[in-house]
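Below is one structure, written out as structure tokens; the observations come after it.
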Amino acid sequence: MGPIRRLGHSLVISLWFMFLTFPIMVPKVDTIEKTVQWRWDNLLYVGAGSFFLSLLWRFLLERKERGPFRAAEQEKKPVAPTWADRLRGNPRALRSVVVILALAVCIFPFLPFVTTYQVNILTNAILYIMLGLGLNIVVGLAGLLHLGYVAFYAVGAYTYALLYYHFGVGFWTALPLGALLATLFGVLLGFPILRLRGDYLAIVTLGFGEITRLVLENWGEFTFGPSGIAGIPRPGLFGMEMNLHEVTIYIYFLMVGLCLATIFVVRRLQDSRIGRAWVALREDEIACEAMGVDTRMAKLTAFALGSTWAGLAGVVFAAKTTFVNPASFTFLESAMILSIVVLGGMGSIAGVALGALILILTPEYLRAFSEYRMLAFGVIMVLMMVFRPQGIVTGVRRVYTYTRKGQDGKET
Amino acid sequence: MDYFLELFFGGLTRGSIYALIALGYTMVYGIIELINFAHGEIYMIASFTALIVSSLLALQGMTGPAVLLLTAAAAIIFAAAHGFTVEKVAYKPLRQAPRLSPLISAIGMSIFLQNYVMLAQTSDFLPFPNLLPDLPFVAEYLPFLGATEFFIIVTTALVMVGLTLLIKFTRMGKAMRATAQDRNMAMLVGVDINRTISNTFIIGSALAAVGGVLIASHIGRINFYIGFIAGIKAFTAAVLGGIGSIPGAVLGALVLGWTESFATGYVSSDYEDVFAFVLLVLILIVRPSGLLGRPAVQKV
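Each protein sequence line maps, in turn, to chains Z and Y.
Terminal number for the first sequence in numbering that gives the first Met the number 0: 411, no gaps in between.
Terminal number for the second sequence in numbering that gives the first Met the number 0: 299, no gaps in between.
Here it is in structure tokens:
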């Protein structure tokens with residue numbers, strides 16, 4: 000396409016968007032005062048913005064189509080994948096990166112300029128890494144689209160809250176109990192949906208998440224309704240007295256420990272028999288079944304093990320905020336965790352960690368733009384899918400090369 | 000008995016509106032196998048457009064059925080335009096991508112549209128004027144049925160008939176059915192796939208706009224978040240009836256409407272939304288492909 004036609008095309012698009020956004024962007028009617036505010040300047044922004052964005056959009060799309068493989072690697076954030084690939088091939092560099100990261104994580108809360116607030120934010124991000132890794136088992140590895148993940152998170156949080164309220168159970172007892180109960184719920188949900196495929200599964204899990212939230216909201220006698228449960232104690236350490244800053248740091252390290260445990264287990268799971276069964280299930284259910292994998296069992300374990308981490312994270316969440324109510328467990332939260340997995344790169348642990356850090360930390364440090372944060376969030380999700388569907392870090396697939404005598408059957 | 004009839008028609012009204020929205024889901028799903036999560040948002044945008052247009056007209060001193068007609072026309076046009084644009088931006092580049100990608104793109108689109116309306120307009124609930132005509136003869140013959148409810152049911156029925164005729168007898172409808180059956184084959188026999196898909200989005204969005212104007216008039220208030228729950232309910236209805244099947248969507252919507260109406264009337268109103276999901280889970284356990292859906296044959 001010639002440059003003149005290209006510009007003309009973008010002009011048409013910009014006119015179209017000006018028309019499209021007109022009723023929402025320009026007039027603002029006050030129905031009580033009976034006045035209209037005409038915001039014509041918005042029209043100008045939309046027109047100019049869509050003109051340039053459409054040029055950029057087409058440029059990026061064409062680049063993606065020209066070389067599906069190479070262009071995809073150079074698109075958007077060109078450093079991350081090549082960088083990650085190079086790291087993967089070099090175990091020594093990888094080790095030093097891990098050591099530096101570990102040191103940074105350990106030193107961070109003791110740095111002089113780091114406040115309690117900042118430690119808290121990072122703890123929060125790590126919590127989401129854990130949630131992301133848990134959901135990654137279900138979505139990234141087993142390929143089951145789960146839209147109600149937050150229900151299990153809620154189960155964990157309420158387990159601790161209610162057990163403490165009624166029986167005075169402590170954090171360390173509630174932690175395994177919360178995980179266990181969430182797992183149980185995972186199995187409970189897993190059974191009816193074993194027969195469902197793809198999108199039906201998505202909507203049933205979504206329904207399950209909503210049911211859980213609505214029950215928490217309406218079953219006042221048991222869950223204390225929308226007002227929630229307050230005064231949940233923070234975790235203790237052998238009865239030591241700690242001030243707020245110390246407790247925050249303690250929870251931070253607790254979270255780091257739990258997160259490392261999660262990474263360890265997920266890594267092990269990935270390469271285990273069951274992990275490979277999940278990947279097979281994701282790639283092709285029928286072929287997987289034909290190869291003798293018990294798909295029912297694989298789905299059930301994926302749900303159960305995925306929920307376990309949500310339960311653990313839920314207990315920590317309740318202990319960290321000392322307060323739970325149903326408003327923390329909306330569909331948006333599920334969507335957030337899902338986008339962490341997708342944005343980071345499905346099936347890749349480093350990707351999920353990176354996704355969680357980006358999605359949780361960026362809005363925290365961009366408080367000034369907090370109004371636009373969800374807007375940007377939606378845009379990023381769409382752009383990411385259009386231009387880089389595999390996520391920031393591409394999950395590595397193990398490739399086994401088949402070699403016959405004298406013939407190198409290298410296939411990928 | 001009066002209470003029963005009241006609930007029955009309440010459920011029918013509810014179901015009609017769900018059906019209007021559910022049709023958009025089911026048609027899009029039938030043709031490109033995508034849950035269009037942004038569909039609820041299209042319905043929300045239609046309501047907002049209707050509110051703005053009707054307020055502007057009211058400020059000009061206009062009254063009567065002309066307001067309803069102009070408002071509905073504006074809502075339908077803008078909803079259709081949004082549906083068309085959403086498809087071009089968020090779904091068309093992803094047609095060859097793995098199944099999960101367009102779905103996530105759709106969720107992103109839905110979040111974007113919600114926040115766009117919230118930022119450009121307001122996050123508060125806005126009162127929506129009752130645009131539907133007051134039909135005095137309804138109260139005379141059908142005492143348990145409000146005039147607006149009667150209007151909603153009749154409008155929906157007419158729209159359904161129109162849609163059926165469109166799909167059964169027009170060239171466009173034929174192309175849509177062919178594409179839904181087998182996209183590649185339809186392409187081979189000369190159906191313009193891109194246009195057919197765009198048409199599906201336009202028609203689905205227009206139906207949602209009709210639903211949006213009706214329900215907003217009925218309930219009397221809107222905010223940027225109404226699309227989400229309505230979308231979920233409508234999608235539930237579409238799945239209930241068997242997604243991809245047009246009569247299924249209508250049946251599913253009616254079943255859902257009645258379930259909610261009777262359950263809230265006779266059991267408890269706190270759990271209104273729970274019933275919908277419980278019904279969905281139960282039906283999918285018994286019939287994984289929905290009430291009227293054909294069991295999906297997996298080809299290797």
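Don't be surprised by glycine CBs; every beta carbon is placed ideally from N, CA and C.
For the C-beta of threonine 84 of chain Y, the chain Z residues within less than 9 Å are, from N- to C-terminus, Trp15, Phe16 and Leu19. Selection Y:Phe223, Y:Ala78 and Y:Met186 evaluated against phenylalanine 18 of chain Z yields Y:Ala78 as nearest (Cα-Cα). Along the segment 205–223 of chain Z, the positions whose C-beta sits under 8 Å from a C-beta of chain Y are Leu205, Gly206, Phe207, Glu209, Ile210, Leu213, Val214 and Asn217, read in chain order.
Note on glutamate 32 of chain Z: under 16 other CB atoms within 10 angstroms of its CB, so exposed under the neighbour-count rule.
Of all alpha-carbon atoms in Y:Ala119, Y:Val280, Y:Ser260 and Y:Leu290, the one lying nearest the alpha-carbon of proline 22 of chain Z is that of Y:Ala119. Straight-line spacing of the CA atoms in leucine 68 of chain Y and isoleucine 202 of chain Z works out to 35 Å.
With a cutoff of 9 Å on beta-carbon distance, methionine 24 of chain Z and leucine 42 of chain Z are scored as near each other. Per DSSP, the unbroken alpha helix (DSSP H) holding glutamine 269 of chain Z starts and ends at 243–270.
As the crow flies, the alpha-carbon of proline 175 of chain Z is around 17 Å from that of leucine 259 of chain Z. For the segment 271–304 of chain Z, the set of residues with a beta-carbon nearer than 7 Å to any beta-carbon of chain Y comprises Ile285, in chain order. Remark: C-beta atoms of valine 118 of chain Z and proline 108 of chain Z approach each other more closely than 9 Å.
Neighbourhood of glutamate 370 of chain Z in chain Y, by CB distance below 8 Å: Leu118, in chain order. If you draw a straight line from the Cα of leucine 22 of chain Y to the Cα of arginine 94 of chain Y, it is about 21 Å long. Scanning its chain for C-beta atoms nearer than 8 Å, with the 5 sequence neighbours on each side dropped, one finds around serine 216 of chain Y the residues Phe127, Pro128, Asn129, Leu130, Leu131 and Thr147, in chain order.
In this structure tyrosine 116 of chain Z is exposed. Its beta-carbon is surrounded by fewer than 16 other beta-carbon atoms within 10 angstroms. The C-beta distance from alanine 96 of chain Y to proline 388 of chain Z rounds to 5 Å, short enough to fall under 8 Å. One finds Met384 and Pro388 in chain Z with Cβ atoms closer than 8 Å to the Cβ of alanine 96 of chain Y, taken in chain order. Partner residues in the beta bridge of glutamine 36 of chain Z, as assigned by DSSP, are Z:Lys27.
For alanine 177 of chain Y, the enclosing alpha helix (DSSP H) starts and ends at 170–180. Nearest to glycine 139 of chain Z by C-alpha distance, out of Y:Arg98, Y:Ile152, Y:Phe111 and Y:Phe124, is Y:Arg98.
Annotation: asparagine 35 of chain Y is outside any alpha helix (DSSP H) and is labelled neither H nor E by DSSP. Counting other Cβ atoms within 10 Å of its Cβ, threonine 158 of chain Z reaches 16 or more and is therefore classed as buried.
Selection Y:Ala73, Y:Ile41 and Y:Ala45 evaluated against leucine 56 of chain Y yields Y:Ala73 as nearest (Cα-Cα).
Contact annotation, isoleucine 228 of chain Z with tyrosine 164 of chain Z: C-beta distance approximately 6 Å; criterion of less than 8 Å satisfied.
Per DSSP, reduced to three states, the secondary structure at proline 128 of chain Y is coil, with no helix or strand assignment. Neighbours of methionine 24 of chain Z in chain Y, taken as residues at a C-beta separation under 7 Å, are given in chain order as Ala119.
In the structure shown, the three-state DSSP call for isoleucine 391 of chain Z is coil.
At a C-beta separation below 9 Å, threonine 48 of chain Y has these neighbours in chain Z: Pro22 and Ile23.
Distance check between glycine 177 of chain Z and each of Z:Leu195, Z:Val168, Z:Phe166 and Z:Ala156 places Z:Ala156 closest, using alpha-carbon atoms only.
Annotation: alanine 173 of chain Z to valine 314 of chain Z spans about 7 Å, alpha carbon to alpha carbon. Inter-segment contact for the segment 125–136 of chain Z and the segment 320–329 of chain Z is absent: fewer than three beta-carbon pairs are separated by less than 8 Å. For glycine 256 of chain Y, the uninterrupted alpha helix (DSSP H) run begins and ends at 245–265, by DSSP.
Contact of phenylalanine 376 of chain Z with chain Y by beta-carbon distance below 9 Å involves Gly107, Ile110, Phe111 and Asn114. The contact set of serine 100 of chain Y on chain Z, defined by CB atoms closer than 7 Å, consists of Met384 and Pro388 in chain order. Apart from sequence neighbours up to five positions away, the residues of its chain that approach alanine 318 of chain Z with a beta-carbon distance below 6 Å are Phe170, Arg233 and Pro234, ordered along the chain.
Of the candidates Z:Ala301, Z:Ala276, Z:Thr300 and Z:Gly1, the residue whose Cα lies closest to the Cα of alanine 289 of chain Z is Z:Ala276.
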